[in-house]
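From first to last, the protein sequence lines stand for chains A and B. Quick note: the first sequence uses the working numbering, first residue 68, plus one each step. Quick note: the second sequence uses the working numbering, first residue 68, plus one each step. So the structure is just underneath, and the comments pick up after that.
Protein chains: 2
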Amino acid sequence: MSIERVLLTHGGGGRMARSLIESIVSTFDNPALSRMEDASPIAIPKQEKRSEGDAVEQQPRIVMTTDSFVVTPLFFPGGDIGKLSVCGTVNDLATAGAVPAALSVGLIIEEGFPVRDLERVLASMKKTADSVPVPLITGDTKVVEKGRGDGVYISTAGVGAVRPGIELSPARIEEGDAVLISGSIGSHEASILSARNELSLGAKIESDCAPLSDLMQTVLEAVPEAKCARDPTRGGVAAVLCELAESTGCTISLDEEAILVDEDVQGLCDILGLDPLQMANEGKMIVIVPANLAQTVLEAMKSLDVGRNSVKIGEVQKGAGRLVMKTPYGTSRIITMPVGNQLPRIC
Amino acid sequence: MSIERVLLTHGGGGRMARSLIESIVSTFDNPALSRMEDASPIAIPKQEKRSEGDAVEQQPRIVMTTDSFVVTPLFFPGGDIGKLSVCGTVNDLATAGAVPAALSVGLIIEEGFPVRDLERVLASMKKTADSVPVPLITGDTKVVEKGRGDGVYISTAGVGAVRPGIELSPARIEEGDAVLISGSIGSHEASILSARNELSLGAKIESDCAPLSDLMQTVLEAVPEAKCARDPTRGGVAAVLCELAESTGCTISLDEEAILVDEDVQGLCDILGLDPLQMANEGKMIVIVPANLAQTVLEAMKSLDVGRNSVKIGEVQKGAGRLVMKTPYGTSRIITMPVGNQLPRIC
């Protein structure tokens, strides 16, 4: 773009707004977006028609999700607000077993925001969306006065298609099910924490921020019977599993030794007295499956780089809706739902 | 809700966040939302299957749109940011001829925002969405520090279904087409202007903020051949018609006498030197139709309260991609695309 900073007039409806929007649109190079209509067509992935009689039954279910992103700093090791905004929405679709069909983006830009940074954020969104792949088909741009925002806030919404026969839901969780996770925990929140100016701790921890739709599709192709999936973002694994334990009335029992925490992340947590179990992840998926299929699902997860450290961390037991941690010393303790967050604005 | 102000911890992933979210969810009283899944199912309106052979052809097209809202003040005569956020997205779907199927909402709340105000905004969203009707099926809440936002920003995305045979697009505009609008212009921006503290002008001008999906469906039932629709928000009628004139290469000729401006709005514009043609509307639709069907479309529009003052304001002529205003004195002048906005943060 030929300007250096975003001005308030770029948020109006005139020629300056149009020039900013055209620059944004050209970044994404997508026919539906380039038409610059108020609403854009979604191409719903076609499903194979399995028999002549039930054309209607074979239609995919369409699902929708949204997220707003206010992370600070905007750029951090392993990602930035642009990558995060695509991953977050794609991963929410993935928890429903959906193949992403389309994304929308709403930008709330603070007056004076450097255009160079905006371009970096947009390029990062484009790169991440292409890797899924999912088209970004529609968007909106607003500008607020200096001191009424913080660089840029991004809201993404996503639409996806769930193929017939897939039904991921907490209601299907039963005693005996296995709890799997696609790798080590806590690195996104640890990355944000160490990237904040006031906490320059030396260790450069990379966020795990990654799209997980491929991982979930690989799981569901191997084991369509998978029961429930959740991405443990704000509140971490603790919040997600406390919620599932409460809603199912089962006890979820975790094996402390099985849970992977990277050395740098554990070090940061030890210094600051934080619990990795409560720390946000942006590239991990918890999958709950029938025990006898756990090994097959783990192998499917490990077949992808993003799931190479997948591991079984616990199981669903008869109980009273609690999350329990079994320690290596043979004792166990109850994990309660975090009250607030350990750190604001991590996503 | 039992609290008075939104705190930073309400944006975390823990119990406090959950209690805020549960309050929000209960406002909307919608089964898909109440499941509180990361992604929610969209019920796509069913289409009548007109013949056995072409079941696939009769599927509706699915379209998506998004908007972010940063209007200030949050409450203004005739509406508030909640009503506006639903109308804006519903109206963008309406410009494509779509029946709204689902909305998502992302809230970015400033720390310390009064919960009473949040409740008012949410109740207003619910009321407006019910009047469409369209379900609000999924959402997200973030909290930013005091001084990093401005009360609340709302991002809505919408998905809608366009029935087969409807094709609203600027590409279909031709010489001879009539330009219609659903009533008087400029009242939304004038309302915001007069509601701002620094400009207490006495006159209480009401915003036209209203959902227009019913209006567009009524038009399309009467005249499926309608060619293009646009809601003249930021930049007003001038920006929308300049854009259409440029993109089609036709001249759009407006009749100054035909354009309705409410007395209060005109008075405010005269005092401040503003042009109503450049002022934002949030409850008006411009519809471009073949000239011989203009009367039928006008009658359809007038059959609804929201379109009772519908009027033909101009026509499409051979030309050089310009917007021209014919004055009552027999002269004419060229209207150029506004450069910036007359007023920031009107939507």
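We put the beta carbon where it would ideally sit given N, CA and C, even for glycine.
### Query
Could you give the residue range of the beta strand (DSSP E) that holds A/T205?
203 to 211
### Query
Which one or two residues does DSSP pair with A/T133 in a beta bridge?
Per DSSP, A/A224.
### Task
Examine the Cβ distances between the stretch 338 to 350 of chain A and the stretch 202 to 220 of chain A and report whether three or more of them are shorter than 8 Å.
no
#### Entry: Simplified DSSP assignment, three categories, for B/M352
Look at B/M352 here: in three-state DSSP terms it is coil, with no helix or strand label.
### Message
Alpha carbons only, please: which of A/G302, A/L282, A/R301 is nearest the one belonging to A/A293?
### Response
A/L282
### Message
I'd like to check one pair, B/L74 with B/T208: are the Cβ atoms closer than 8 Å?
### Response
no
#### Entry: Delimiting residues of the alpha helix (DSSP H) encompassing B/D159
148 to 162
#### Entry: Within-8 Å CB hit, A/K213 to chain B
no
### Chain-ordered neighbours of A/P144 on chain B, where CB pairs are closer than 9 Å
Per Cβ cutoff of 9 Å: no residues; A/P144 is ~22 Å from chain B at best.
#### Entry: Where the beta strand (DSSP E) containing A/C317 begins and where it ends
That residue, A/C317, is in no beta strand (DSSP E); it is neither H nor E in DSSP.
### Message
By the three-class DSSP mapping on this structure, what secondary structure does A/A122 have?
### Response
Because the pLDDT of A/A122 is 49, which lies under 50, any placement of that residue in the model is unreliable, and the number read from its coordinates should be weighed accordingly. Three-state result, A/A122: coil.
### Message
Could you give the first and the last residue of the continuous beta strand (DSSP E) run that contains A/S399?
### Response
399 to 402
### DSSP bridge partner residues for A/Q12 (one or two, in chain order)
Residue 12 of chain A cannot be examined here, being either before or after the span of chain A that is shown, 68 to 414.
### Query
Given A/D329, which residues of its chain have a CB within under 7 Å of its CB, disregarding the five upstream and five downstream residues?
S251, S254
### Query
Quick one: which chain A residues come within Cβ less than 7 Å of B/A224?
Neighbours of B/A224 on chain A, chain order: T133, S171, A224.
### Task
May I ask whether a heavy atom of the ligand SAM can be found less than 7 Å away from the beta carbon of A/N97?
The ligand SAM is absent from the structure shown, which contains no ligand whatsoever.
### Query
Which value, in whole angstroms, describes the spacing of the CA atoms of B/S236 and B/S222?
25 Å
### Query
Any idea which residues DSSP pairs A/I233 with across the strands?
In DSSP, A/I233 forms no bridge with anything.
### Query
Interface residues of chain A around B/T205 at Cβ under 7 Å?
M131, T132, T133
### Limits of the alpha helix (DSSP H) - the one that B/A196 falls within
Its alpha helix (DSSP H) spans residues 182 to 198.
### Task
Quick one: give me the first and last residue of the alpha helix (DSSP H) that B/I91 is part of.
82 to 95
### Query
Under 8 Å between C-beta atoms, does B/T398 make it to chain A?
B/T398 does not count as touching chain A.
### Task
Return the chain-ordered list of same chain residues with a C-beta closer than 7 Å to the C-beta of B/I70, the five sequence neighbours on each side being excluded.
V182
### Query
So, does the CB of B/V246 fall closer than 8 Å to a CB anywhere in chain A?
no
### Query
Once you ignore the five residues that flank A/V304 on each side, which residues in its own chain have a CB closer than 6 Å to its CB?
I252, L344
#### Entry: Cβ neighbours of A/C276 in the same chain (closer than 7 Å, five flanking residues each side left out)
G145, G146, K150, L151, C154, H255, E349, G350
### Message
On the DSSP letters alone, give me the boundaries of the beta strand (DSSP E) that A/P167 sits inside.
### Response
166 to 177
### Task
Specify whether the stretch 318 to 334 of chain B and the stretch 172 to 188 of chain B touch according to this definition: at least 3 beta carbon pairs, one from each stretch, less than 8 Å apart.
no
### Query
Going by DSSP, which residues form a beta bridge with B/L247?
Beta-bridge pairing links B/L247 to B/V354, B/K379.
#### Entry: Rounded separation between B/G173 and A/S258 - CA only
25 Å
### Task
Output yes if chain A places a C-beta closer than 8 Å to the C-beta of B/K209; else output no.
yes
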